[in-house]
C-alpha cells in the first residue's frame, strides 16, 4: 500500500506516506477537531495483536472495556474494522471474564445534584482494605476522585491513619490541583477525626459531606473503586502480596481513558492536552507543520485555552448526565 500511495498519490487522497510510514486521514467527531491533525498511523495486520495487547493488557491500560480501549487506540492508529477487532479481543480476554463483575444498573437516588462547574471543586475520598500486607508493607489504599472530570488519585498505605490521609490530601491534592469547595467521605474514623476537620478548616473547605449510604450514585469514587479492585484482581495472579505493584499504572489507565459521557479523558479535562505514556509518543510526531502528523496533535491549541471558560459549562452539562 505504501508503494501505491507514493507512486499515485492522486488516487489515494486520504493517505500519505512520511518516513516510510503510511497515514490515513480520518474525519473526527471531536468538537475540537479543527485544532488537531487527524492523521492516523495505518497498522499492518501482523502488528495489530501486539497493539491490542499493549492497549488492553498492560497495567497502564487496566483491562478496561471496549469503548475506552478503542478510544485510546484510535487516537493514534487506524486499520480497517478496528472496532470489531477491539470488541473481539476484549470480549475474548480470559482475565476480564474471570475478574470483572456484572454491570447491572443500580437504582438511582432522588435528590438535587450539586452545582459543580470546575475541576476539583468537589472531590470524594474513600479507603479500600485492609488487604494482605504487600511486599512494600501496604495494607490500605486511599482513592480520591474529582467529581467533575473523574480524575482519580491513589495512595497505598501501611496503616489507614488520619495523619497519612491528611498529608496526602494536602500535599498531593490541595497544593497541586487546588483546594475543593466540598469533600465527600464516609463516616469512617479517619474522616471524622479532629485532624481531618482541622485540614478542611485551615484551607477553608466549605463543606464536608458525610455519606452514610455509600453507593456509586452518591459517590463516584465507589465506581472507581470497583474498577480499581477489578484491575488489581487482574494483575495479582497467584501472589496477593503484589496487589500494590501496578496500582499507579492502573490509576493512570483510568485517567487516560475516554469517558463515555464527557467524551474526553479525565487527564485531558484537567491538563487540556493528551498525556504521553512513554517517550515514543513524541518520536511519532513530525516536527514540520505540513507533515501529516503534527506535534500540535498532542498539545493543546492556544485558541482552545481562550475557549476554556466557554468549554466548562458544556462539560458541566455532561457532568450532570453522569
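Numbering (the UniProt record's numbering), first residue to last: 1 to 322. Positions of the beta carbon are idealized from the N, C-alpha and C atoms, including for glycine. In this text the structure is predicted, and so the values were computed from the model without any measurement.
Checklist entry - What do you get for residue 165, buried or exposed, if any count of 16 or more other CB atoms within 10 angstroms of its CB means buried? => result Residue mapping note: residue 165 aligns to position 165 of the chain shown, counting from 1. Buried: at least 16 other Cβ atoms inside 10 Å.
Item to check | Assigned secondary structure, residue 124 (DSSP; H/G/I helix, E/B strand, else coil) | outcome: Numbered from its first residue, the chain shown carries residue 124 at position 124. DSSP places residue 124 in strand when its eight states are reduced to three.
Checklist entry - Between the segment 20–29 and the segment 56–64, are three or more C-beta pairs nearer than 8 Å? => result no
Item to check | Cβ separation of residue 126 and residue 225, assumed to be a contact under 8 Å, to the nearest whole Å | outcome: Along the chain shown, read from residue 1 onward, the residue named residue 126 stands at position 126. Along the chain shown, read from residue 1 onward, the residue named residue 225 stands at position 225. Going by Cβ atoms, the distance from residue 126 to residue 225 rounds to 6 Å, so yes, they are a contact pair.
Checklist entry - For residue 122 versus residue 176, is the C-beta spacing smaller than 8 Å? => result Taking the chain shown and counting its residues from 1, the one referred to as residue 122 is at position 122. Taking the chain shown and counting its residues from 1, the one referred to as residue 176 is at position 176. Not a contact, by the Cβ cut-off of 8 Å.
Next on the checklist: According to DSSP, simplified to helix, strand and coil, what is residue 170?
Outcome noted: Here the question's residue 170 lines up with position 170 in the chain shown. Three-state DSSP puts residue 170 in a helix.
Checklist entry - How about residue 258 and residue 85: do their beta carbons lie closer than 8 Å? => result One-based indexing of the chain shown puts residue 258 at position 258. One-based indexing of the chain shown puts residue 85 at position 85. No; because the gap between Cβ atoms is not below 8 Å, this pair is not in contact.
Checklist entry - How should residue 255 be labelled, buried or exposed, when 16 other C-beta atoms within 10 angstroms of its C-beta is the threshold for buried? => result Looking up residue 255 in the chain shown gives position 255. Looking at its Cβ environment, which holds 16 or more other Cβ atoms inside 10 Å, residue 255 is buried.
Next on the checklist: I believe residue 180 touches residue 205 by the beta-carbon criterion, under 8 Å. Please report the beta-carbon distance rounded to the nearest angstrom.
Outcome noted: Here residue 180 refers to the residue found at position 180 when the chain shown is read from its first residue. Here residue 205 refers to the residue found at position 205 when the chain shown is read from its first residue. Contact holds; Cβ gap of about 6 Å.
Item to check | residue 88, buried or exposed, once every other Cβ within 10 Å from all chains shown has been counted against 16 | outcome: Walking along the chain shown from the start, residue 88 turns up at place 88. Exposed, since its Cβ has fewer than 16 Cβ neighbours within 10 Å.
Item to check | Any alpha helix (DSSP H) of 4 or more consecutive residues that is wholly inside the segment 227–289 | outcome: 247–256, 266–271 and 280–283
Next on the checklist: Helix, strand or coil for residue 68? Go by DSSP, reduced to three states.
Outcome noted: Your numbering for residue 68 matches position 68 in the chain shown. If DSSP states are grouped into helix, strand and coil, residue 68 belongs with the helices.
Next on the checklist: Less than 8 Å between the beta carbons of residue 234 and residue 5, yes or no?
Outcome noted: As a first step, residue 234 is located in the chain shown; it is residue number 234 there, counting from the start. As a first step, residue 5 is located in the chain shown; it is residue number 5 there, counting from the start. For residue 234 and residue 5, no; Cβs fall outside 8 Å.
Item to check | Whether residue 149 touches residue 269 by CB criterion (8 Å) | outcome: Locating residue 149 in the chain shown gives position 149, counting from the first residue. Locating residue 269 in the chain shown gives position 269, counting from the first residue. A contact, by the Cβ cut-off of 8 Å.
Next on the checklist: Please classify residue 141 as buried or exposed, where buried requires at least 16 other C-beta atoms within 10 Å of its C-beta.
Outcome noted: By one-based count along the chain shown, residue 141 stands at place 141. Answer is buried; the Cβ neighbour count reaches 16.
Item to check | CA nearest to the CA of residue 240, picked from 129, 271 and 272 | outcome: Residue mapping note: residue 240 aligns to position 240 of the chain shown, counting from 1. Restricting attention to 129, 271 and 272, the CA atom closest to the CA of residue 240 is found in 129.
Checklist entry - Whose CA, out of 76, 46, 191 and 203, lies closest to the CA of residue 210? => result Position 210 of the chain shown, counting from 1, holds the residue named residue 210. Of the listed residues, the one whose Cα sits closest to residue 210 is 191.
Next on the checklist: Does chain D have any CB closer than 8 Å to the CB of residue 259?
Outcome noted: As a matter of chain content, chain D is missing from the structure shown, which is built from one protein chain.
Next on the checklist: Beta-carbon within less than 7 Å of residue 160's beta-carbon, same chain only, minus the 5 sequence neighbours each way: which residues are those?
Outcome noted: Locating residue 160 in the chain shown gives position 160, where the first residue counts as 1. Counting only Cβ-Cβ distances below 7 Å, and skipping sequence neighbours, we find 127, 129, 140 and 190.
Checklist entry - Which value, in whole angstroms, describes the spacing of the CA atoms of residue 12 and residue 2? => result Position 12 of the chain shown, counted from the first residue, corresponds to residue 12. Position 2 of the chain shown, counted from the first residue, corresponds to residue 2. In a straight line, the C-alpha of residue 12 is about 10 Å away from that of residue 2.
Checklist entry - For the putative contact between residue 156 and residue 138, defined by C-beta atoms under 8 Å, what is the C-beta separation to the nearest angstrom? => result Start at 1 with the first residue of the chain shown, and residue 156 comes out as number 156. Start at 1 with the first residue of the chain shown, and residue 138 comes out as number 138. That belief holds up - the Cβ atoms of residue 156 and residue 138 are roughly 4 Å apart, short of 8 Å.
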